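A.B. asks: Chain order of the listed sequences is G and H. Following our numbering, the numbering of the first sequence begins with 19 at its first residue and continues without gaps. Following our numbering, the numbering of the second sequence begins with 22 at its first residue and continues without gaps.
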Amino acid sequence: MNAVAKKIEATTARLEGMSLPAGGKWATEAREAALTRLRTMGLPDRRDEYWKYTRPDTLTQTDAPEASVLDTGEAPLFDGFDRLKVVFVDGVFDAEQSDDLSGEGLNIERLADVAAKDIHWARDVYGVLENNGQSPVERPLAALNSAFATDGVVIHVTGKVSRPVNLIYRHKSDSSDAILHHVIKLDAGAELTVLENGPAAARFNKSMEVDVADGAAFHHVRAQGRDHERRAVTHIFGRLGTESVFKSFTLTVNGRLTRNEAILELTGDDAVAHVAGACLGDGDFHHDDTVFVTHDAVNCESRQVFKKVLRNGATGVFQGKILVQPGAQKTDGYQISQSLLLDEDSQFLAKPELEIYADDVACSHGSTSGAIDEEALFYLRARGVPKDIATDLMVLSFVAEAVDEIENEDLRDEMLARLEGWLERRRD
Amino acid sequence: MLEIKGLKVQLEDEDKQILKGVDLKVEAGKVHAIMGPNGSGKSTLSYVLSGKDGYEVTDGSASLNGEDLLELEAEERAALGLFLAFQYPVEIPGVGNMTFLRTAVNSQRKARGEEELSAKDFLQEIRAKAKTLKIDADMLKRPVNVGFSGGEKKRNEILQMAMLEPKMCILDETDSGLDVDAMKLVSEGVNALRDEGRGFLVITHYQRLLDHIKPDVVHIMADGRIIKTGGPELALEVEKNGYADILAEMA
Ligand SMILES: Nc1ncnc2c1ncn2[C@@H]1O[C@H](COP(=O)(O)OP(=O)(O)O)[C@@H](O)[C@H]1O
Ligand SMILES: [Mg+2]
Chain G
19 MNAVAKKIEA
29 TTARLEGMSL
39 PAGGKWATEA
49 REAALTRLRT
59 MGLPDRRDEY
69 WKYTRPDTLT
79 QTDAPEASVL
89 DTGEAPLFDG
99 FDRLKVVFVD
109 GVFDAEQSDD
119 LSGEGLNIER
129 LADVAAKDIH
139 WARDVYGVLE
149 NNGQSPVERP
159 LAALNSAFAT
169 DGVVIHVTGK
179 VSRPVNLIYR
189 HKSDSSDAIL
199 HHVIKLDAGA
209 ELTVLENGPA
219 AARFNKSMEV
229 DVADGAAFHH
239 VRAQGRDHER
249 RAVTHIFGRL
259 GTESVFKSFT
269 LTVNGRLTRN
279 EAILELTGDD
289 AVAHVAGACL
299 GDGDFHHDDT
309 VFVTHDAVNC
319 ESRQVFKKVL
329 RNGATGVFQG
339 KILVQPGAQK
349 TDGYQISQSL
359 LLDEDSQFLA
369 KPELEIYADD
379 VACSHGSTSG
389 AIDEEALFYL
399 RARGVPKDIA
409 TDLMVLSFVA
419 EAVDEIENED
429 LRDEMLARLE
439 GWLERRRD
Chain H
22 MLEIKGLKVQ
32 LEDEDKQILK
42 GVDLKVEAGK
52 VHAIMGPNGS
62 GKSTLSYVLS
72 GKDGYEVTDG
82 SASLNGEDLL
92 ELEAEERAAL
102 GLFLAFQYPV
112 EIPGVGNMTF
122 LRTAVNSQRK
132 ARGEEELSAK
142 DFLQEIRAKA
152 KTLKIDADML
162 KRPVNVGFSG
172 GEKKRNEILQ
182 MAMLEPKMCI
192 LDETDSGLDV
202 DAMKLVSEGV
212 NALRDEGRGF
222 LVITHYQRLL
232 DHIKPDVVHI
242 MADGRIIKTG
252 GPELALEVEK
262 NGYADILAEM
272 A
């Protein structure tokens, strides 16, 4: 039997006994279509080129490996921000802890409620952007998500919303296995900021599909914590209209395994898409950023900025691609992925790619891996800064380019404070 | 203040001796100058005193106010009051000049068991001191030395010195790359810090700087040794005749 057939067989076995969630007409159709995709592709295995650097087995196996809940005693993230809180506990919406699901300029519903209806606008986005993102590279875990997710939020943004929506993922049970799927649709000229934080579950599979219409702006700031053994695979699918803006930043600390995929398609002229991430890994930590940006319109800009600080055997992975389709002239594409290796046990595996079918474009990419700059470290120490603090300053300096991608200054400071707190705790 | 006895230093990775027995004593309140041809070991001496890795002391000692320097980490030496103005100040992208200096000042205070400087007091002090060195607010905000001109870097070194108020200041070719105006600014900065309790070791190639910062003692260093010590007139002699005569005389 060839590898593909084997994979399909394993997937069939894995899906044995799993049934699609009950729902209304549109959701059932979307889920069935996703399941068909999944059965055709098969779940990823370690022979897949796209999973060369990250082992998918713990993400695909039947039971989630256990992960204990960590309490750092820190104040919750985004505490000082005026925001609309939507809380999920082990992947289940918690009305009690959440704010009233309403706000000016937006309509926000639970996926569970939306999926029960026979007709809903979400059908134009749910599983649709995911499906578009399945080629040229397959993302079976996203299809799995579209097929089996029962909870999440469905947000329709009609105006410029100043109060961010904060999706908070609490983790309670050591064996929780959560799937969440969010759909966000921004009308022309609309604006929304989505914040996400929390460890979510022992194992977490999350998708977010974001449809950004002409002139709309979507900002996303996420902090993935925190529990040491947690595992997560997340996908963000973005479709960008003319003159629209999509900016996403992710901070990851801890966690045994994280695979964050961002699949963005610039479909309208003059659109701007930025994805950035900073991660700090210590010990048994594997962090994978997989990004695929497709330019399919004229005069668009995309940036990918990823920084990884690794120590004590931590592994960082970056797979980033810029695809410039024929006719996507005046594309301005930038991609940088860098790692700071604080010891010799840690490793960074990077696969930066450019594929360009237009002639009038400016694309650059770079990937580096290096140790701390000893000259700079000495300079700081010669001024009286102790070695550990000097090292932390260098770490902050290293990730600055990624953190600077956050447009809102308060959010930037919030992320920096988190980073500093983490570094400080490591010092003791 | 600073006392160096028979200091011999070689590179850690290479079997190459650079300092071949340096003796030097700088008293509080005095300015000593070290001159000497390129490659004679002047920078190495300043690095070894301030605790840079990569050098191995094979013999001799160095102490600051009686404390053995060579046993201490770089940051501990700084907290004791040792300061090195670098020949090549290092650029540190992403670390703001202010953040850096405040961390440095407060780290030293903490190490000495003193109270940390409040953000407000620090700001007030740095603004005043920056002004006299013609360092503008923008330079203070920018990442450490990034995009600074040669002269700006050197002025930034002096600003750090002024903020840290060290006891023993080593200036390694602080005059190199400075135009006449910048040289004046830097010298004034240094002279403002001259004080009975503070010692200076000024490394330079040129008499020019010593016109502004008047030394009490001048040493000539060659091939890892101090080969001649004298008064300010020694610097004038070097200026006039170069090192050749002195080297020949010593050979
Ligand atoms: N890290 C190093 N690696 C190799 N050679 C070095 C190193 N540091 C100093 N040297 C050598 O030691 C000698 C003295 O250098 P240095 O102290 O910089 O002299 P100066 O400052 O007087 O010009 C030179 O020959 C220089 O090449
Ligand atoms: Mg030198």
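Beta carbons are placed, not taken as given, at the ideal position from N, Cα and C, and that holds for glycine. These figures come from a predicted structure and were not determined experimentally.
1) With DSSP run on the structure shown, which of helix, strand or coil describes residue 102 (chain G)?
2) Run through chain G and tell me which residues come within less than 9 Å of residue 77 (chain H), C-beta to C-beta.
3) Quick one: measure Cβ to Cβ for residue 292 (chain G) and residue 257 (chain G), integer angstroms, because I've assumed they're closer than 8 Å.
4) Return the first residue and the last residue of the beta strand (DSSP E) that residue 133 (chain H) is part of.
5) Restricting to Cα atoms, I'd like to know which of G:369, G:145, G:271 is closest to residue 54 (chain G).
6) Whose CA, out of G:113, G:30, G:41, G:93, lies closest to the CA of residue 78 (chain G)?
7) Judging by CA-CA distance, which residue of H:56, H:34, H:48, H:39 is the nearest neighbour of residue 193 (chain H)?
8) Which residues in chain G have a C-beta closer than 7 Å to the C-beta of residue 129 (chain H)? List them in chain order.
9) Assuming contact is defined by CB atoms lying nearer than 7 Å, are residue 40 (chain H) and residue 67 (chain H) in contact in what I supplied?
10) Say the cut is 6 Å; is the CB of residue 63 (chain H) nearer than that to a heavy atom of ligand 2?
11) Would a check of beta-carbon distances place residue 73 (chain H) closer than 7 Å to chain G?
12) Which residue wins for smallest C-alpha separation from residue 257 (chain H), given the options H:93, H:230, H:177, H:30?
13) Could you pull out every unbroken alpha helix (DSSP H) segment of at least 4 residues lying fully inside the stretch 66-112 of chain H, listed in chain order?
14) Just the Cα atoms here: how many angstroms apart are residue 308 (chain G) and residue 278 (chain G)?
15) Which runs of the alpha helix (DSSP H) fall wholly inside the stretch 280-341 of chain G and span at least 4 residues, in chain order?
16) Does residue 124 (chain H) have its Cβ less than 7 Å from a Cβ in chain G?
17) Return the residue from the list G:134, G:211, G:286, G:395 that minimises the CA-CA distance to residue 100 (chain G).
18) Just the chain H side, please: which residues come within less than 7 Å of residue 415 (chain G) by C-beta, in chain order?
19) In chain G, which residues lie with their C-beta within 9 Å of the C-beta of residue 132 (chain H)?
20) Does at least one heavy atom of ligand 2 sit under 6 Å from the Cβ of residue 108 (chain H)?
21) If distances are taken between C-alpha atoms only, which option among H:88, H:143, H:38, H:160 comes closest to residue 75 (chain H)?
22) In chain order, what residues of the stretch 181-194 of chain H put their CB closer than 8 Å to some CB of chain G?
23) Compute the distance between the beta-carbons of residue 176 (chain G) and residue 208 (chain G), then report whether it is under 7 Å.
24) Are any of the Cβ atoms in chain G nearer than 7 Å to that of residue 48 (chain H)?
25) For residue 168 (chain G), does the count of other Cβ atoms within 10 angstroms reach 16, so buried, or fall short, so exposed?
26) Does the beta-carbon of residue 60 (chain H), which I'm using as the reference point, lie nearer than 6 Å to any heavy atom of ligand 1?
27) Does the CB of residue 254 (chain H) have a neighbour CB from chain G at under 7 Å?
28) Can you confirm whether residue 399 (chain G), when its beta carbon is compared against all beta carbons of chain H, has any partner nearer than 7 Å?
29) Can you list the beta strand (DSSP E) stretches of 3 or more residues lying completely in the stretch 338-420 of chain G, in chain order?
30) Given 6 Å as the limit, tell me if residue 39 (chain H) has its C-beta closer than that to any heavy atom belonging to ligand 1.
31) Take residue 245 (chain G) as the anchor and find which of G:274, G:81, G:351 has the nearest alpha-carbon.
32) At a threshold of 6 Å, does residue 59 (chain H) count as lining ligand 3 (C-beta to nearest heavy atom)?
33) Go ahead and pull the three-state DSSP assignment for residue 26 (chain G).
34) List, in order along the chain, the chain G residues whose C-beta lies closer than 9 Å to that of residue 107 (chain H)?
35) Any chance the stretch 130-138 of chain G sits against the stretch 38-53 of chain G, with 3 or more Cβ pairs inside 8 Å?
36) Between residue 393 (chain G) and chain H, is the shortest Cβ-Cβ distance under 7 Å, so that the two count as touching?
C.D. replies: With the structure as the only source:
1) What you label residue 102 (chain G) is simply residue 84 of the first sequence in a count that begins at 1. Note: residue 102 (chain G) maps to strand in three-state DSSP.
2) Within the second sequence, numbered from 1, the residue matching residue 77 (chain H) stands at position 56. Simply none; closest approach about 16 Å.
3) Along the first sequence, one-based indexing puts residue 292 (chain G) at 274. Along the first sequence, one-based indexing puts residue 257 (chain G) at 239. About 15 Å separates the two Cβ atoms, so there is no contact after all.
4) Taking the second sequence and counting its residues from 1, one reaches residue 133 (chain H) at position 112. Element bounds for residue 133 (chain H): n/a, residue is neither H nor E.
5) Counting from one through the first sequence, the residue named residue 54 (chain G) turns up at place 36. Closest option to residue 54 (chain G), Cα to Cα, is G:145.
6) As a position in the first sequence, residue 78 (chain G) is number 60, starting the count at 1. Ranking G:113, G:30, G:41, G:93 by Cα distance to residue 78 (chain G) puts G:30 first.
7) Locating residue 193 (chain H) in the second sequence gives position 172, counting from the first residue. Out of H:56, H:34, H:48, H:39, H:56 has the C-alpha closest to the C-alpha of residue 193 (chain H).
8) In the second sequence, residue 129 (chain H) corresponds to position 108, counting from 1. The answer, in chain order, is 402.
9) The sequence position of residue 40 (chain H) within the second sequence is 19, counting from 1. The sequence position of residue 67 (chain H) within the second sequence is 46, counting from 1. Going by C-beta atoms, residue 40 (chain H) is not nearer than 7 Å to residue 67 (chain H).
10) In the second sequence, counting from the first residue as 1, residue 63 (chain H) sits at position 42. Because some heavy atom of ligand 2 lies under 6 Å away, the Cβ of residue 63 (chain H) counts as near it: yes.
11) Numbered from 1 along the second sequence, position 52 holds the residue referred to as residue 73 (chain H). Yes, contact with chain G.
12) Along the second sequence, read from residue 1 onward, the residue named residue 257 (chain H) stands at position 236. If we check each option's Cα against that of residue 257 (chain H), H:230 comes out closest.
13) 95-101
14) Stepping through the first sequence from its first residue, residue 308 (chain G) is reached at position 290. Stepping through the first sequence from its first residue, residue 278 (chain G) is reached at position 260. Spanning the two alpha carbons is a distance of roughly 6 Å.
15) none
16) Taking the second sequence and counting its residues from 1, the one referred to as residue 124 (chain H) is at position 103. For residue 124 (chain H), the answer is yes, since a Cβ of chain G falls inside 7 Å of its Cβ.
17) The residue you call residue 100 (chain G) lines up with position 82 of the first sequence. Comparing Cα positions, the closest option is G:211.
18) Here residue 415 (chain G) refers to the residue found at position 397 of the first sequence. What residue 415 (chain G) touches in chain H: 113, 114, 115, 116.
19) Taking the second sequence and counting its residues from 1, the one referred to as residue 132 (chain H) is at position 111. By Cβ distance, chain G contributes 402, 404.
20) Counting from 1 along the second sequence, the entry for residue 108 (chain H) is found at position 87. Flag set: Cβ of residue 108 (chain H) near ligand 2.
21) Taking the second sequence and counting its residues from 1, one reaches residue 75 (chain H) at position 54. Closest option to residue 75 (chain H), Cα to Cα, is H:38.
22) 181, 185
23) Taking the first sequence and counting its residues from 1, one reaches residue 176 (chain G) at position 158. Taking the first sequence and counting its residues from 1, one reaches residue 208 (chain G) at position 190. It is a contact, given that the beta carbons lie within the stated cut-off.
24) Within the second sequence, the letter at position 27 stands for residue 48 (chain H). Output row for residue 48 (chain H): interface = no.
25) Numbered from 1 along the first sequence, position 150 holds the residue referred to as residue 168 (chain G). Buried, because 16 or more other Cβ atoms sit within 10 Å of the Cβ of residue 168 (chain G).
26) Here residue 60 (chain H) refers to the residue found at position 39 when the second sequence is read from its first residue. Checking every heavy atom of ligand 1 against the Cβ of residue 60 (chain H), one is found closer than 6 Å.
27) Position 233 of the second sequence, counted from the first residue, corresponds to residue 254 (chain H). Taking Cβ atoms only, chain G never reaches closer than 7 Å to residue 254 (chain H), which makes this a no.
28) On the first sequence, residue 399 (chain G) is found 381 positions in, with the first residue counted as 1. True, the Cβ-Cβ gap to chain H drops below 7 Å.
29) 350-359, 365-374, 380-388
30) Indexing the second sequence from 1 puts residue 39 (chain H) at position 18. Yes, the Cβ of residue 39 (chain H) comes within 6 Å of a heavy atom of ligand 1.
31) The residue labelled residue 245 (chain G) in the question sits at position 227 within the first sequence. Per the Cα distances, G:274.
32) In terms of ligand content, the structure shown lacks ligand 3 and carries ligand 1 and ligand 2 instead.
33) As a first step, residue 26 (chain G) must be located in the first sequence, where it is residue number 8. Of the three classes helix, strand and coil, the one that applies to residue 26 (chain G) here is helix, per DSSP.
34) For this step, residue 107 (chain H) is matched to residue 86 along the second sequence. Per Cβ cutoff of 9 Å: 397, 400.
35) yes
36) Along the first sequence, read from residue 1 onward, the residue named residue 393 (chain G) stands at position 375. So yes, residue 393 (chain G) belongs to the interface.
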